[in-house]
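Using the working numbering, read the sequence shown as starting at 7 and increasing by one per residue.
Every residue, glycine too, gets a C-beta built ideally from N, C-alpha and C.
If you're wondering where the values come from, they're calculated on a predicted model, not measured in any experiment.
Working notes, structure below.
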Amino acid sequence: MVGVSALAEIYSIPPEHLELREAIRQLARERIAPRAVEIDETAEYPWDLRRLLAEQDILRLPFDSEHGGTGTGTLMLNIAVEEIAKVCASTALILMIQELGTLPIKLFGSDQLKHRLLPRCASGEWSPAFALSEAEAGSDPGGMLTHARQDDGDWVIDGTKSWITNLGVADFYVVFAVTDREAGHSHGITAFVVEADRPGFSVGKLEHKLGIRGAPTGQPSFDGVRVPPENVVGEVGEGFKVAMETLDRSRLGVAAQALGIAQGATDYAAAYARERRQFGRSINSFQAIQFKLADMETQCAAARELLYQGCAKVDRGDPDLGKYSAMAKLFASDAAMRVTVEAVQVLGGYGYVKEYPVERMLRDAKITQIYEGTNEIQRLVIARTMR
Ligand code: COS
7 MVGVSALAEI YSIPPEHLEL REAIRQLARE RIAPRAVEID ETAEYPWDLR
57 RLLAEQDILR LPFDSEHGGT GTGTLMLNIA VEEIAKVCAS TALILMIQEL
107 GTLPIKLFGS DQLKHRLLPR CASGEWSPAF ALSEAEAGSD PGGMLTHARQ
157 DDGDWVIDGT KSWITNLGVA DFYVVFAVTD REAGHSHGIT AFVVEADRPG
207 FSVGKLEHKL GIRGAPTGQP SFDGVRVPPE NVVGEVGEGF KVAMETLDRS
257 RLGVAAQALG IAQGATDYAA AYARERRQFG RSINSFQAIQ FKLADMETQC
307 AAARELLYQG CAKVDRGDPD LGKYSAMAKL FASDAAMRVT VEAVQVLGGY
357 GYVKEYPVER MLRDAKITQI YEGTNEIQRL VIARTMR
């Protein structure tokens, strides 16, 4: 049986991290929230907010101090993602991609790659991207067609990726390509850093999306792109594991984003219900509304517990971190959908129109059940640990 002292050690938040959370909450409310409607309407990448995150050292959160980061760990990073996602999910994604696009390098990269790339990302000078999925290889990335061959000491990459966030914004892409088809996906895929200014790279098609519209997503193409051997991330042939171990950690970012959307919708609906009067009284005096708000708040709190546990497991390097990350992502994203649908219902007709933020929150929430592994894949990952 787990003792009380062991339970107390599941996670703890140092007081300075709580202070940082307050500062980020205030920044989000004052500087990010006022831009959220315009970002959604114009579907333009918010360069101004990216600069703001850099100036405030928030882009340093994913990195160790030796690489120009804050060294404050995964829990603090995802506390920040939640705070930003409460007001603008597109802006939260900037911080999530900082983590997703650099984790392969942090976990598997050579010292040379780490020193060349991570401090530039931490300062905000450069942005990364993570290029795994393809049109015919989404849930099954092992089926990818993009391939790389050796030529005169370099690697030459050909193929097209799909649904890649930060497309056209990123300064480099971590690209996964088949290097030995015979070896199968377990040992025949390799990860490469591809800088955006390499000949043969092109941005390709950008998608029009339901939500997170301020994040450019699309299909980068690699047409005979030549990279030196120093750009290989980890061992040749071990790229599938680079991707899996990255996703085992980065899925916590999706959980944090989903939680932020859900909490933002809950807070908005609760405040609305206090003000809105029908039948001569505030609608939050009706049990029909109170029960909805109570369920919404409870789902957020439960999602946060799972997220914080997953983060603590990553920070400690616990062996079951991938399972917890999958559970946190699964639960928080399903909660975000349920909660945002209810938030629209609490606002009634006002919930359905663009003058109020909850319809945007509903649209933004949907992707969290899909990206970085659909929730069906998360269930598969969790179930595999139970056999
Ligand atoms: N960490 C480390 N290694 C892992 C791993 C993990 N989490 N998961 C699998 N591996 C290893 C396996 O141990 C195996 O290695 P060996 O052959 O040396 O034993 C290898 O990877 C292949 O594993 P497996 O055959 O189990 O892989 P599958 O093709 O069955 O795929 C899932 C497993 C479904 C979990 C994987 O394809 C997946 O995560 N899909 C979703 C992808 C995704 O999230 N896409 C979103 C892209 S980013 S928006």
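Counting only the same chain and skipping the five closest in sequence on each side, list residues whose C-beta sits under 8 Å from that of L216.
Working through the sequence shown from its first residue, we reach residue 216 at position 210. R369, K372 and I373, listed in sequence order.
Per-residue burial, I358 [other beta carbons within 10 Å of its own, 16 or more giving buried]
Here residue 358 refers to the residue found at position 352 of the sequence shown. In the sequence under discussion, the amino acid at residue 358 is Tyr, which differs from the Ile named in the question. Its Cβ having fewer than 16 others within 10 Å, Y358 is exposed.
Is the beta carbon of P147 closer than 8 Å to that of G107?
The count along the sequence shown starts at 1 and reaches residue 107 at position 101. The count along the sequence shown starts at 1 and reaches residue 147 at position 141. Not closer than 8 Å, so no.
CB contact check: N237 to chain C, cutoff 8 Å:
The structure shown contains no chain C, having only a single protein chain.
Between which residues of its own chain and P21 is the CB-CB distance below 6 Å, once the five residues before and five after are set aside?
Here the question's residue 21 lines up with position 15 in the sequence shown. Around P21: no qualifying Cβ.
Tell me, please, which residues DSSP counts as bridged to Q62.
For the purposes of this step, residue 62 is identified with residue 56 of the sequence shown, where counting begins at 1. Beta-bridge pairing links Q62 to no other residue.
Can you tell me whether DSSP reads H214 as helix, strand or coil?
Counting from 1 along the sequence shown, the entry for residue 214 is found at position 208. If DSSP states are grouped into helix, strand and coil, H214 belongs with coil.
Do you know how far the Cα of E89 is from the Cα of E47?
In the sequence shown, residue 47 corresponds to position 41, counting from 1. In the sequence shown, residue 89 corresponds to position 83, counting from 1. C-alpha separation (whole angstroms): 22 Å.
Applying the criterion that 16 or more other CB atoms from any shown protein chain within 10 Å of the CB defines a buried residue, is H73 buried or exposed?
Within the sequence shown, the letter at position 67 stands for residue 73. H73 is buried by the Cβ-count criterion.
Might you give, ordered along the chain, the residues of its own chain that have their beta carbon closer than 6 Å to the beta carbon of A261, omitting 5 neighbours on each side?
Counting from 1 along the sequence shown, the entry for residue 261 is found at position 255. Within the same chain, A261 has close Cβ partners L313, A334, K335 and A338.
Since V162 and G230 are thought to touch, with beta carbons under 8 Å apart, how far apart are those beta carbons, to the nearest angstrom?
Translated into the one-based positions of the sequence shown, residue 162 becomes position 156. Translated into the one-based positions of the sequence shown, residue 230 becomes position 224. With a Cβ gap of about 6 Å, V162 and G230 count as contacting.
By DSSP, does S18 sit in helix, in strand, or in coil?
Taking the first residue of the sequence shown as position 1, residue 18 is located at position 12. In the structure shown, S18 sits in coil (DSSP, three-state: anything other than H, G, I, E or B).
Look at the alpha carbon of A264 and the alpha carbon of F178, and state the distance between them as a whole number of angstroms.
Counting from one through the sequence shown, the residue named residue 264 turns up at place 258. Counting from one through the sequence shown, the residue named residue 178 turns up at place 172. Between A264 and F178, the C-alpha separation is close to 26 Å.
CA-to-CA distance, A176 to C127, given in whole angstroms:
As a position in the sequence shown, residue 127 is number 121, starting the count at 1. As a position in the sequence shown, residue 176 is number 170, starting the count at 1. Each residue's Cα considered, the two are about 10 Å apart.
Straight-line Cα distance separating E213 from P222
Taking the sequence shown and counting its residues from 1, one reaches residue 222 at position 216. Taking the sequence shown and counting its residues from 1, one reaches residue 213 at position 207. So the alpha carbons of these two residues sit roughly 8 Å apart.
Quick check: E140 and K112, are their CB atoms within less than 8 Å of each other?
What you label residue 140 is simply residue 134 of the sequence shown in a count that begins at 1. What you label residue 112 is simply residue 106 of the sequence shown in a count that begins at 1. Result no, Cβ atoms of E140 and K112 do not sit closer than 8 Å.
Answer yes or no: the CB of A112 versus the heavy atoms of the ligand COS, is any distance below 7 Å?
Here residue 112 refers to the residue found at position 106 when the sequence shown is read from its first residue. As written in the sequence, residue 112 is Lys, which differs from the Ala given in the question. No, the ligand COS has no heavy atom inside 7 Å of this Cβ.
Would you check if the distance between the CB atom of A183 and the CB atom of G206 is smaller than 8 Å?
In the sequence shown, residue 183 corresponds to position 177, counting from 1. In the sequence shown, residue 206 corresponds to position 200, counting from 1. Contact: no.
For Y330, is the beta carbon positioned less than 7 Å from some heavy atom of the ligand COS?
The residue given as residue 330 occupies position 324 in the sequence shown. Y330 Cβ: outside cutoff for every heavy atom of the ligand COS.
Entirely within the segment 127-155 and at least 4 residues each: give me those alpha helix (DSSP H) ranges in chain order.
none
Going by beta-carbon coordinates alone, are G259 and E28 separated by less than 8 Å?
Position 253 of the sequence shown, counted from the first residue, corresponds to residue 259. Position 22 of the sequence shown, counted from the first residue, corresponds to residue 28. Cβ distance not < 8 Å, so G259 and E28 don't count as in contact.
Figure out for me which residue from A189, L109 and G220 has the closest Cα to the Cα of V181.
On the sequence shown, residue 181 is found 175 positions in, with the first residue counted as 1. Residue L109 is the option with its Cα nearest to V181.
Mind checking who T196 pairs with in its DSSP beta bridge?
Within the sequence shown, the letter at position 190 stands for residue 196. DSSP, once it has assigned bridges, lists A183 as partnering T196.
May I ask which residues mark the beginning and end of the beta strand (DSSP E) holding D164?
Looking up residue 164 in the sequence shown gives position 158. Element bounds for D164: D160 to T166.
How far does the alpha helix (DSSP H) with G259 in it reach, from first residue to last?
Residue numbering aside, residue 259 sits at position 253 when the sequence shown is read from its first letter. Where G259 is concerned, the enclosing alpha helix (DSSP H) stretches over G245 to E281.
Kindly indicate the opening and closing residues of the alpha helix (DSSP H) around R369.
By 1-based counting over the sequence shown, the position of residue 369 is 363. Run containing R369: V364 to K372, per the alpha helix (DSSP H) assignment.
Among the residues of its own chain, which have a CB less than 7 Å from the CB of L83, if the five just before and after it don't count?
As a working note, residue 83 is residue 77 in the sequence shown. L67, P68 and E105, listed in sequence order.
As a quick exercise: from T97, T80, T152 and A39, pick the residue whose alpha carbon is nearest that of A60.
Numbered from its first residue, the sequence shown carries residue 60 at position 54. Here the closest residue by C-alpha is T97.
T171 - partner residues in DSSP beta bridges:
Position 165 of the sequence shown holds residue 171. Paired residues: T223.
Classify D70 as helix, strand or coil using the three-state DSSP reduction.
Mapped onto the sequence shown, residue 70 falls at position 64. It is coil, neither helix nor strand.
Is the segment 118-126 touching the segment 280-298 in the sense that three or more CB pairs, one from each, lie closer than 8 Å?
no
Does DSSP put E378 in a helix, in a strand, or in coil?
Here residue 378 corresponds to residue number 372 of the sequence shown, with the count starting at 1. Coil.
Segment contact flag, the segment 197-205 with the segment 345-361, C-beta cutoff 8 Å, min 3 pairs:
no
Using the Cα positions of I16 and A91, report the straight-line distance between them to the nearest angstrom.
Translated into positions along the sequence shown, residue 16 becomes position 10. Translated into positions along the sequence shown, residue 91 becomes position 85. Their backbone Cα atoms lie some 25 Å apart in a straight line.
For E201: DSSP bridge partner residues:
Taking the sequence shown and counting its residues from 1, the one referred to as residue 201 is at position 195. Note: E201 sits in a beta bridge opposite F178.
Check this for me: beta carbons of I218 and L33, under 8 Å apart or not?
As a first step, residue 218 must be located in the sequence shown, where it is residue number 212. As a first step, residue 33 must be located in the sequence shown, where it is residue number 27. Contact: no.
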